[in-house]
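Let me begin by presenting the structure, written as structure tokens, before commenting on it.
There are 2 protein chains.
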Amino acid sequence: MCRVPVPKGSSLNPDRTRAAIVRVAGDFLYARGLDGAGIAELCAEAGISKETLYRHFGSKEGLIRAVLEARSDRVTRWLAQVAADAGDEPADQLAAVFDALGRWYREPGFRGCAIVNAATQRHTTPANEIATRHLGRHLDLLTTIAARAGAADPTALGRRLLLLLEGATVVADHLGAPGSADDAREAALTLLKCGTQTAHSP
Amino acid sequence: MCRVPVPKGSSLNPDRTRAAIVRVAGDFLYARGLDGAGIAELCAEAGISKETLYRHFGSKEGLIRAVLEARSDRVTRWLAQVAADAGDEPADQLAAVFDALGRWYREPGFRGCAIVNAATQRHTTPANEIATRHLGRHLDLLTTIAARAGAADPTALGRRLLLLLEGATVVADHLGAPGSADDAREAALTLLKCGTQTAHSP
DNA sequence: TCCAGATAGAACCGATCGGTTCGATGTGAA
DNA sequence: TTCACATCGAACCGATCGGTTCTATCTGGA
Numbered sequence: 001m002c003r004v005p006v007p008k009g010s011s012l013n014p015d016r017t018r019a020a021i022v023r024v025a026g027d028f029l030y031a032r033g034l035d036g037a038g039i040a041e042l043c044a045e046a047g048i049s050k051e052t053l054y055r056h057f058g059s060k061e062g063l064i065r066a067v068l069e070a071r072s073d074r075v076t077r078w079l080a081q082v083a084a085d086a087g088d089e090p091a092d093q094l095a096a097v098f099d100a101l102g103r104w105y106r107e108p109g110f111r112g113c114a115i116v117n118a119a120t121q122r123h124t125t126p127a128n129e130i131a132t133r134h135l136g137r138h139l140d141l142l143t144t145i146a147a148r149a150g151a152a153d154p155t156a157l158g159r160r161l162l163l164l165l166e167g168a169t170v171v172a173d174h175l176g177a178p179g180s181a182d183d184a185r186e187a188a189l190t191l192l193k194c195g196t197q198t199a200h201s202p
Numbered sequence: 001m002c003r004v005p006v007p008k009g010s011s012l013n014p015d016r017t018r019a020a021i022v023r024v025a026g027d028f029l030y031a032r033g034l035d036g037a038g039i040a041e042l043c044a045e046a047g048i049s050k051e052t053l054y055r056h057f058g059s060k061e062g063l064i065r066a067v068l069e070a071r072s073d074r075v076t077r078w079l080a081q082v083a084a085d086a087g088d089e090p091a092d093q094l095a096a097v098f099d100a101l102g103r104w105y106r107e108p109g110f111r112g113c114a115i116v117n118a119a120t121q122r123h124t125t126p127a128n129e130i131a132t133r134h135l136g137r138h139l140d141l142l143t144t145i146a147a148r149a150g151a152a153d154p155t156a157l158g159r160r161l162l163l164l165l166e167g168a169t170v171v172a173d174h175l176g177a178p179g180s181a182d183d184a185r186e187a188a189l190t191l192l193k194c195g196t197q198t199a200h201s202p
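Chains R and S, in that order, are what the protein sequence lines are. UniProt numbering puts the first residue of the first sequence at 1, with every later residue one more than the last. UniProt numbering puts the first residue of the second sequence at 1, with every later residue one more than the last.
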């Protein structure tokens with residue numbers, strides 16, 4: 001009841017604490033922008049003290065790096081899983097990816113891609129590097145799908161599909177058009193068809 | 001030589017002063033980000049006093065609004081002119097637009113679209129509204145081209161082309177790939193061809 | 001000729017920023 | 001039992017923030 005540094009009965013687990021901070025701070029910084037909230041408010045939101053934050057992350061930039069890397073890993077795994085769950089047909093995988101994006105765009109609090117947003121706000125390391133790697137991961141996924149579809153030039157097709165993915169996210173955010181995912185899906189399927197030498201139906 | 005409020009021989013012209021501030025502040029805020037520089041440094045960069053800035057714009061947000069509106073107008077006119085200069089063929093106009101974007105991506109100091117960046121950093125009015133209108137203007141241009149090309153569904157094709165435009169800008173910025181404009185051009189021409197009922201060559 | 005207004009430059013304001021330190025209090029492993 | 005460590009809450013730090021106010025100086029139109 002009274003305010004004590006370590007509440008009785010609490011379990012002291014630094015790793016778990018750190019993970020919890022990354023999770024809460026990630027949501028908070030995404031919603032408010034990197035410069036839209038101070039450390040004090042962030043700590044209050046996370047229910048931790050500033051000392052705890054600085055012991056775990058060293059600085060605000062350190063926290064941001066941890067948050068962005070965790071988010072990039074999560075999003076990358078998410079899209080890969082969505083594609084994998086869509087079966088073996090590349091066109092189905094592509095459609096599933098954009099459909100998943102569309103559901104994301106419609107979630108309350110959607111504000112675009114957190115990693116791209118962060119790189120836009122900072123445009124310096126580490127945000128920049130994490131964003132570059134993040135887009136590269138998306139490019140890998142799309143290029144792989146393009147290759148499995150038998151594209152004449154899988155890397156070129158992958159790059160074009162990436163434009164649709166990133167464009168859809170920007171348009172959903174700033175034009176207020178979550179339906180951009182549907183447009184992107186249809187465009188992607190068109191590019192896939194036109195970029196594929198032979199239909200591989202038996 | 002000595003520091004005087006109004007240098008001898010200077011011509012007092014508030015409108016011209018205001019326009020100059022918008023121009024310099026636009027470049028400065030684009031390069032540094034809206035929260036990356038303070039008013040004091042901005043005024044030093046523009047060679048004006050804080051009082052002058054606040055008399056013309058009232059607040060930092062007022063300055064940002066003026067800067068973004070001016071930028072949106074300029075970019076919109078620029079792309080429309082590029083399309084107009086490319087002749088009557090819709091495919092040529094589309095290619096010219098993406099080629100022009102590619103030249104922009106390669107300019108030193110390119111940092112993505114200033115308006116989209118601002119909306120990402122603020123995500124509140126007025127930046128949000130200006131960004132929405134800005135994307136809408138691009139959409140108008142692309143939809144018009146799609147319609148003139150005889151697209152079966154000009155508005156749908158316009159929306160898909162917009163994804164390519166915005167996606168190319170994001171990818172050029174954060175993946176460090178100015179060649180995204182070429183990818184976008186090829187994808188756009190493919191979508192145009194596939195979305196057009198009949199080739200209108202005589 | 002005169003005066004309203006534009007402007008520079010500097011001082012100043014309260015608020016907030018990121019970050020540090022400290023004491024009190026608890027946990028968990030040796 | 002002991003002690004290193006995790007944690008909270010609060011006080012504190014210098015710097016910077018956006019914004020205001022002042023004086024002095026010059027322009028441009030009445």
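The C-beta atom is built at its ideal place from N, Cα and C for all residues, glycine as well.
Which chain R residues sit within Cβ distance under 9 Å of residue i?
i, result
"S/Thr-76", "Neighbours of S/Thr-76 on chain R: none; closest Cβ ~15 Å, over 9 Å."
"S/Ala-84", "None at all; the shortest Cβ gap to chain R is about 24 Å."
Could you check which residue in the options has the C-alpha nearest to that of residue i?
i, options, result
"S/Leu-157", "S/Leu-191, S/Ser-72, S/Ala-119", "S/Leu-191"
"R/Asp-27", "R/Cys-43, R/Gln-93, R/Ala-80, R/Asn-13", "R/Cys-43"
"S/Gly-33", "S/Arg-111, S/Leu-139, S/Glu-166", "S/Arg-111"
"S/Gly-109", "S/Pro-14, S/Gly-176, S/Arg-185, S/Leu-189", "S/Gly-176"
"S/Asp-173", "S/Arg-106, S/Asp-153, S/Pro-126", "S/Arg-106"
"S/Thr-196", "S/Asp-182, S/Ile-145, S/Ala-184", "S/Ile-145"
"R/Ile-64", "R/Ser-180, R/Ile-21, R/Lys-8, R/Asp-183", "R/Ile-21"
"S/Leu-101", "S/Pro-178, S/Cys-194, S/Ser-11", "S/Pro-178"
"S/Val-6", "S/Arg-23, S/Tyr-54, S/Gly-47", "S/Gly-47"
"S/Val-116", "S/Leu-142, S/Arg-71, S/His-56, S/Leu-53", "S/Arg-71"
"S/Thr-124", "S/Arg-55, S/Ser-11, S/Ala-19, S/Glu-61", "S/Glu-61"
"R/Ser-180", "S/Ala-187, S/Ala-66, S/Leu-189, S/Leu-139", "S/Leu-139"
"R/Leu-53", "R/Thr-76, R/Val-4, R/Ala-114, R/Ala-25", "R/Ala-25"
"R/Gly-36", "S/Arg-159, S/Ala-119, S/Val-67, S/Ser-59", "S/Ala-119"
"R/Ala-66", "R/Leu-29, R/Asp-183, R/Glu-89, R/Leu-189", "R/Leu-29"
"R/Phe-98", "R/Leu-161, R/Glu-89, R/Ala-127", "R/Leu-161"
"residue 209 of chain S", "S/Val-4, S/Thr-143, S/Leu-141, S/Leu-189", "Look at the range of chain S in this structure, 1 to 202, and you will see that residue 209 of chain S is not part of it."
"R/Ala-83", "R/Gly-38, R/Pro-126, R/Leu-142", "R/Leu-142"
"S/Glu-186", "R/Asp-183, R/Leu-189, R/Arg-122, R/Arg-159", "R/Arg-159"
"residue 203 of chain R", "R/Ala-114, R/Asp-183, R/Asp-88", "There is simply no residue 203 of chain R to check, as chain R begins at 1 and stops at 202 in what is shown."
"S/Glu-69", "S/Asp-183, S/Ala-19, S/Arg-103", "S/Ala-19"
"R/Pro-126", "R/Ser-59, R/Glu-89, R/Thr-76", "R/Ser-59"
Give the residues of chain R in contact with residue i, contact being defined as C-beta atoms less than 7 Å apart.
i, result
"S/His-123", "Gly-33, Arg-111"
"S/Asn-117", "Thr-120"
"S/Leu-135", "Val-171, His-174, Leu-175"
"S/Asp-140", "Per Cβ cutoff of 7 Å: no residues; S/Asp-140 is ~12 Å from chain R at best."
"S/Cys-194", "Thr-190, Cys-194"
"S/Asp-15", "Per Cβ cutoff of 7 Å: no residues; S/Asp-15 is ~31 Å from chain R at best."
Please compile the residues from chain S whose C-beta is within a distance smaller than 9 Å of the C-beta of residue i.
i, result
"R/Gly-38", "The contacting residues do not exist; R/Gly-38 stays about 12 Å from chain S at best."
"R/Ser-72", "Per Cβ cutoff of 9 Å: no residues; R/Ser-72 is ~12 Å from chain S at best."
In chain S, what lies closer than 7 Å to residue i by C-beta?
i, result
"R/Val-67", "Those do not exist, as R/Val-67 stays about 16 Å from chain S at its closest Cβ, beyond 7 Å."
"R/Leu-191", "Ala-187, Thr-190"
Taking its Cβ as the centre, do 16 or more other Cβ atoms sit within 10 Å of residue i, making it buried, or is it exposed?
i, result
"R/Gln-81", "exposed"
"S/Asp-153", "exposed"
"R/Pro-202", "Because the pLDDT at R/Pro-202 is just 35, under 50, the model does not fix this residue reliably, and the point stays unresolved."
"R/Arg-16", "exposed"
"S/Pro-14", "exposed"
"S/Thr-155", "exposed"
"R/Asp-73", "exposed"
"R/Lys-8", "exposed"
"S/Ala-40", "exposed"
"R/Leu-12", "exposed"
"S/Ala-188", "buried"
"S/His-200", "Summary for S/His-200: the model assigns pLDDT 42, below 50, so the residue's position carries little reliability; its value from the coordinates is reported in the next sentence. Exposed, by the Cβ-count rule."
"S/Arg-122", "buried"
"R/Asp-85", "exposed"
"R/Asp-88", "exposed"
Anything in chain S within Cβ reach of residue i, meaning under 8 Å, just list it in chain order.
i, result
"R/Gly-167", "Leu-162, Leu-163, Leu-164, Leu-165, Glu-166, Gly-167, Ala-168, Val-170"
"R/Arg-176", "What sits at residue 176 of chain R in the sequence shown is Gly, not Arg. Ordered by position in chain S, the residues that pass the 8 Å Cβ test against R/Gly-176 are Thr-132."
"R/Glu-186", "Ala-156, Arg-160"
Can you pull the chain R residues whose beta carbon is under 8 Å from the beta carbon of residue i, in chain order?
i, result
"S/Ser-59", "Going along chain R, no residue has its Cβ under 8 Å from S/Ser-59, so there is no contact; the nearest lies around 17 Å."
For the 8 Å Cβ check, are there 3 or more pairs between the segment 166 to 174 of chain S and the segment 165 to 174 of chain R?
When Cβ pairs closer than 8 Å are counted between the two stretches, the segment 166 to 174 of chain S is seen to touch the segment 165 to 174 of chain R, the count reaching three or more.
Using a Cβ cut-off of 8 Å, which residues of the segment 142 to 165 of chain R contact any Cβ in chain S, in chain order?
For the segment 142 to 165 of chain R, which is checked against every Cβ of chain S, the residues closer than 8 Å are Ala-156, Arg-159, Arg-160, Leu-162, Leu-163, Leu-164, Leu-165.
For the pair the segment 87 to 104 of chain S and the segment 139 to 157 of chain S, tell me if three or more CB-CB distances fall below 8 Å.
In short, these stretches touch, since the Cβ pair count reaches three.
Counting Cβ pairs closer than 8 Å, one from the segment 124 to 132 of chain R and one from the segment 130 to 146 of chain S, do we hit at least three?
Flag = no, the segment 124 to 132 of chain R and the segment 130 to 146 of chain S do not touch.
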